[in-house]
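When you read off a place in the sequence shown, starting at 1, and then add 1, the result is the number in this note's numbering.
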Amino acid sequence: MKTTPEHDERIAKMTFTAVYPHYVTKVEKKDRTKEELHQVIEWLTGFDGNKLQELITRKATFETFFKEAKLNPNAHLITGTICGYRIEEIENPLTQQVRYLDKLVDELAKGRKMEKILRSV
């Protein structure tokens, strides 16, 4: 699926710091924990709590965030739609990675079991 260059650029320049509190609020509103959110982020990116805090502190853009991430080899198993886009059809790799994270946060907030969210094979 094609996204516009403007859309991709906007996502790349958005800071993780600006979005992270929304992720926390979204999952906590649905009785999930910040620790579970961190577990999901660590599964996708390889970032532990200290690295995550460092990225938040230095206001890393999503471009930097995913450049420094070691994407989980099973990330390609994250499919479905998010924000009107079918994840597996997104052509821009960075936009796709950000949507992977959005999808995992959505699944966590919707009460999906952790084994399913983490794509345990």
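Note that beta-carbon positions come from the ideal geometry of N, C-alpha and C, so glycine has one too.
Please read all numbers here as calculations on a predicted model, not as lab measurements.
Collapsed DSSP secondary structure at residue i in the structure displayed
i	result
Arg100	helix
Thr5	coil
Thr18	helix
Gly50	helix
Leu38	helix
Lys31	coil
Leu109	helix
Leu119	coil
Exposed unless 16 or more other CB atoms sit within 10 angstroms - verdict on residue i
i	result
Leu78	exposed
Glu36	exposed
Lys30	exposed
Arg33	buried
Arg1	Since the first residue of the chain shown is 2 and the last is 122, residue 1 is not available in this structure.
Lys104	buried
Any non-hydrogen atom of the ligand MN closer than 7 Å to residue i Cβ
i	result
Ile83	Only the bare structure without any ligand can be found here, which leaves the ligand MN out of the picture.
6 Å Cβ shell around residue i - same chain, five flanking residues per side excluded
i	result
Thr46	Ala70
Other residues of its chain near residue i: CB distance less than 7 Å, five sequence neighbours each side excluded
i	result
Met15	Thr62, Phe63
Lys60	Thr16, Thr18
Gly50	His39
Glu108	Ile118
Glu43	Asp49
Same chain, Cβ closer than 8 Å to residue i, neighbours up to 5 away in sequence not counted
i	result
Val106	Tyr24, Lys27, Val28, Leu38, Val41
Lys111	Lys31
With three or more C-beta pairs closer than 8 Å as the rule, is the stretch 13-26 touching the stretch 73-86? As far as the Cβ criterion goes, the stretch 73-86 does not touch the stretch 13-26, which means the pair count is below three.
Runs of beta strand (DSSP E) lying entirely within the stretch 54-92, each at least 3 residues, in chain order: Within the stretch 54-92, complete beta strand (DSSP E) segments of at least 3 residues are not found at all.
Please confirm if the stretch 94-101 is in contact with the stretch 5-14, defined as three or more CB-CB distances below 8 Å between the two stretches. Enough Cβ pairs lie closer than 8 Å, so yes.
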